[in-house]
Amino acid sequence: MPRLAANLSMMYHEHAFLDRFAAAARDGFAGVEFLFPYEHAAVDIKSRLDDAALTQALFNAPPGDWAKGERGIASVPGRDDEFRRSIDTALDYARVLGNRKIHVMAGLVANEAAREAQRAQYVEQLAYAARTAAADGITVLIEPINPRDIPGYLLNRQDDAQAICAQVGAPNLQVQFDCYHCQIVEGDVTTKLKRDIARVGHIQVAGVPERHEPDRGELNTAWLLDVIDELGYEGWVGCEYRPRAGTSAGLDWARKWLAPRA
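Positions 18 to 279 (our numbering) are the ones given, in order, by the sequence shown.
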């Protein structure tokens, strides 16, 4: 049965960030993910995870200056040293929080003429990140993201992500398969899951096109979760969506896979 992880960056905004862990556990989630932990001490987050008996599934390595519009620095020229320090920072947090997956964002393409060079740098930096993370038994993830949500993002397609993983050749480099992004960019989500599942390290769901609860819209998420189960996927499925109203009130779609706790 698919294991659902609440994305605490998008869900439970009724609560302060550190209080979202307990709220997610009360609703029956056994795991959580979020974009970035770096505004809080790792030990404080770990305390909330332990108190709520939650597993940390995933977070992102530092993306550069998010407030200024940066969306990763792995492919950005001249940021090599900063990128490598960012991997060290992410691994420091992962050692405390216990997650075995870290998502490394690719970054934005300066212009189309720069795309090939940035892709080459991206491959080189991913090789470094995977090699460094392997010492801690951690898998590095890359995620194709649709250009509507992040215009100019380097990586948009599932087949390109799979090709990059093959080019790097590291066993601990896998693809983060977000069904929402895949549907917007290329569709045919079920077929791509079946084609690529061997190198999929994390899956995420959201309704398309509004990115609300995955209970309506272009994707049949209940069907996809059954397919994911049939494929033998044993990882987490992150619920990376913006609730229409209250988070808990909008979880009817997920009751089949959640077991509320006291």
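Even for Gly, the Cβ is constructed at its ideal location relative to N, Cα and C.
Taking the C-alpha atoms as reference points, what is the distance between residue i and residue j?
i: Ala143; j: Val225; result: According to the sequence displayed, residue 143 carries Leu and not Ala. Cα-Cα distance, rounded: 30 Å.
i: Asp36; j: Ala130; result: 45 Å
i: Ile62; j: Phe38; result: 9 Å
i: Arg101; j: Lys85; result: 20 Å
i: Gln179; j: Ile220; result: 14 Å
i: Ala187; j: Arg233; result: 37 Å
i: Ala239; j: Gly255; result: 14 Å
So what's residue i in DSSP terms, helix, strand or just coil?
i: Gly48; result: strand
i: Gly267; result: helix
i: His219; result: strand
i: Arg136; result: helix
i: Arg43; result: helix
i: Leu21; result: strand
I think residue i touches residue j, with their Cβ atoms under 8 Å apart; what is that distance to the nearest whole Å?
i: Ala74; j: Val49; result: 7 Å
i: Gly81; j: Ala123; result: Gly81 to Ala123, Cβ: 11 Å. No contact.
i: Val126; j: Gly169; result: 5 Å
i: Phe76; j: Phe51; result: 6 Å
i: Ala40; j: His30; result: Between His30 and Ala40 the Cβ distance is about 10 Å, and since that is not below 8 Å, they are no contact.
Taking the alpha-carbon of residue i as reference, which of the options has the nearest alpha-carbon?
i: Pro79; options: Ala58, Leu66 and His120; result: His120
i: Val217; options: Tyr197, Glu257, Gln184 and Ile159; result: Ile159
i: Trp253; options: Tyr145, Phe194, Met27 and Ala33; result: Phe194
i: Ala147; options: Arg174, Arg136, Asp205 and Asn189; result: Asn189
i: Asn163; options: Ile245, Arg174 and Ala91; result: Arg174
i: Arg117; options: Arg136, Gln138 and Ala151; result: Ala151
Q.
Threshold first: 4 residues or longer. Then list the alpha helix (DSSP H) segments lying entirely within the region 151-195, N to C.
A. 175-185
**Q.** Entirely enclosed alpha helix (DSSP H) segments - the region 76-134, minimum 4 residues
**A.** 97-114
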